[in-house]
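Visitor: Questions regarding the structure given below will be posed in turn.
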C-alpha cells in the first residue's frame, strides 16, 4: 500500500498519513489523501498543517483508530491553517474513548480539531466514541458539516459532538448527533452560525455556552437553530452563562421549528450555571447580557413540568425575549409551567405552558 500503511489495527500509520498529507499539501493546485476501505488504520496523535499550495481533499473510506492511551494531549487529529479543505467518504473516526471515560483526567484528546481553516466541507463521515469532543472548530471561517454522524453513549463524559469557538460562517446540517454531552456547543466568539435539520439525542441538547468564565471573551451573535429534533435530551434550546462571570453579550439568536420529544428542559436560559458549589450571593450575578432571542414553533413534549425556564441575571436581565407558538405538554400528566426570573420580553400565538413573559 502506498506510503507503507497497514490496515491491521496494530501498526502505527502516523508516518504514512503524514507523508500522504505532505505530498498533497505541496502539490500545486491541490491534492487528495485517500484512506482506503481496506481495514482499520491505527494513527497516533498527528498534526496535519498548512498552508498548502491548493485544495486538500481527505477521502476517508476506511476506519481510523485512535490509540487506547487516554492522556495523549489536546487532540488526536489536528488540521491547521488550510484553505479549501474537503473531508468526505464512507469511513469513520473511532476515538476508542471507553478506555478514557472512567478517568478524571482533563487531558483527554479531541478526536478532530480544526484551527485556522477557511472554506471547508465535512460530509458523510462518522465519528464514534471520542475521548473528549468529537469535533472542535476554533478560529475558522466558512465551515460546513453536512450529513455527519456522531455517536457516543449517553453516559460518556464531555463527548460534545461539535464544539465551535471564535469562528464565523459555520453551518451544521442534515446530521445525526448522539453523545454524553452537548450535541452542539457554541463557545465565545461564535457568530453567523446556522444549524439546520439536526437530530440530537441522547445528549445535553444544543447549547450556547457556557459563557463568561474567562475575561475578554468575544460575543456570540447571529445564531439560528431550525428544523431540528431533540430525542430524550436533558436540554433542548439552551443558553448558559456562569453565575459569577466576566462581561460578554449574546444577541440575535433564533430557535425555529424545533421538535422536542421527552426533553427535560426544552427551552432554558441558565445564567446561574455553576457545576460546582456556589454560594447564594453568586447565583444569577452573571455579567453576560442576553438579548434579542426568539423561540418560534417549539413543540413536542417535556418530561418535567417546567417546560420553559428563564433564569436570567439579576445584574443584566435578559431583554427582547420572544415566544411565539409554543406547545410543550408534560408527558407525565398535568400542565406544564413556565418560570421567569429577571427577563423582559413578549409572547404571541399559542402558549403551552402559559407564558410568564
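Numbering (the UniProt record's numbering), first residue to last: 1 to 357.
Where is the CB? At the ideal position from N, CA and C, for every residue including glycine.
Being a predicted model, the structure only gives us computed values, none of them experimental.
Relative to the C-alpha of residue 106, which residue among 119, 128, 123, 72 is closest?
Guide: Taking only the C-alpha atoms, the option nearest residue 106 is 72.
Visitor: Using the C-alpha atoms, what's the distance from residue 20 back to residue 288?
Guide: C-alpha separation (whole angstroms): 46 Å.
Visitor: Which residues mark the beginning and the end of the beta strand (DSSP E) in which residue 76 is found?
Guide: Here the beta strand (DSSP E) through residue 76 covers 75-80.
Visitor: Among 65, 330, 82, which one has its Cα closest to the Cα of residue 305?
Guide: When each option's Cα is compared against that of residue 305, the closest is 330.
Visitor: Which same chain residues, not among the five before or five after residue 226, have their C-beta less than 6 Å away from its C-beta?
Guide: Answer for residue 226: 196, 256, 257, listed in chain order.
Visitor: Helix, strand or coil for residue 15? Go by DSSP, reduced to three states.
Guide: Note: residue 15 maps to helix in three-state DSSP.
Visitor: Going by other Cβ atoms of all chains shown within 10 Å of its Cβ, with 16 needed for buried, is residue 335 buried or exposed?
Guide: Label assigned to residue 335: exposed.
Visitor: At 3 residues or longer, and completely inside the stretch 192-250: list those beta strand (DSSP E) runs for me, N to C.
Guide: For the stretch 192-250, whole beta strand (DSSP E) runs of length 3 or above, ordered along the chain, are 206-211, 220-231, 235-242.
Visitor: Can you name, in chain order, every residue of its own chain whose Cβ lies under 6 Å from the Cβ of residue 300, other than the five neighbours on each side?
Guide: 259, 260, 261, listed in sequence order.
Visitor: For the stretch 40-74, which segments carrying the beta strand (DSSP E) assignment without a break, of at least 3 residues, lie completely within its bounds, in sequence order?
Guide: Segments of the beta strand (DSSP E) lying fully in the stretch 40-74: 40-42, 46-49, 54-60, 63-65.
Visitor: Using only the alpha-carbon positions, how far apart do residue 311 and residue 30 sit?
Guide: Whole-angstrom Cα-Cα distance: 50 Å.
Visitor: Whole angstroms are fine: how far does the CA of residue 142 sit from the CA of residue 167?
Guide: Their Cα atoms are separated by approximately 8 Å.
Visitor: Can you tell me which of the three DSSP states residue 300 falls into?
Guide: Of the three classes helix, strand and coil, the one that applies to residue 300 here is strand, per DSSP.
Visitor: Using 8 Å for Cβ pairs, my map puts residue 152 next to residue 124. What's the rounded Cβ distance?
Guide: That pair is no contact at about 19 Å.
Visitor: Is it buried or exposed for residue 314, if we count other Cβ within 10 angstroms and need 16 for buried?
Guide: Counting Cβ neighbours within 10 Å, residue 314 comes out exposed, since fewer than 16 surround it.
Visitor: Identify, in the order they occur along the chain, each residue of the same chain with its Cβ nearer than 8 Å to the Cβ of residue 350, setting aside the five sequence neighbours on each side.
Guide: Closer than 8 Å at the Cβ level, and outside the excluded window around residue 350, lie 325, 326, 327.
Visitor: Could you give the distance in angstroms between the alpha-carbon of residue 286 and the alpha-carbon of residue 270?
Guide: Taking the straight line from one Cα to the other gives about 10 Å.
Visitor: Of all the CB atoms in chain C, is at least one closer than 8 Å to the CB of residue 6?
Guide: Among the chains of the structure shown, chain C does not appear; only one protein chain is present.
Visitor: For the beta strand (DSSP E) that contains residue 181, what are its first and last residues?
Guide: Where residue 181 is concerned, there is no enclosing beta strand (DSSP E), given that its DSSP letter is neither H nor E.
Visitor: Could you tell me which of 28, 11, 229, 138 sits nearest to residue 120, measuring between CA atoms?
Guide: Out of 28, 11, 229, 138, 138 has the C-alpha closest to the C-alpha of residue 120.
Visitor: Which residues mark the beginning and the end of the beta strand (DSSP E) in which residue 159 is found?
Guide: Residue 159 -> no beta strand (DSSP E), and no H or E assigned at all.
Visitor: For residue 316 and residue 252, I'd like the C-alpha separation in whole angstroms.
Guide: Distance between the alpha carbons of residue 316 and residue 252: 16 Å.
Visitor: To the nearest angstrom, report how far apart residue 133 and residue 127 are at their CA atoms.
Guide: One C-alpha to the other measures close to 10 Å.
Visitor: Using three-state DSSP, classify residue 20 as helix, strand or coil.
Guide: Of the three classes helix, strand and coil, the one that applies to residue 20 here is helix, per DSSP.
Visitor: Name the residue from 355, 49, 163 whose alpha carbon lies nearest to the alpha carbon of residue 25.
Guide: Closest option to residue 25, Cα to Cα, is 49.
Visitor: Between the C-alpha atoms of residue 355 and residue 263, what's the straight-line distance to the nearest angstrom?
Guide: C-alpha separation (whole angstroms): 19 Å.
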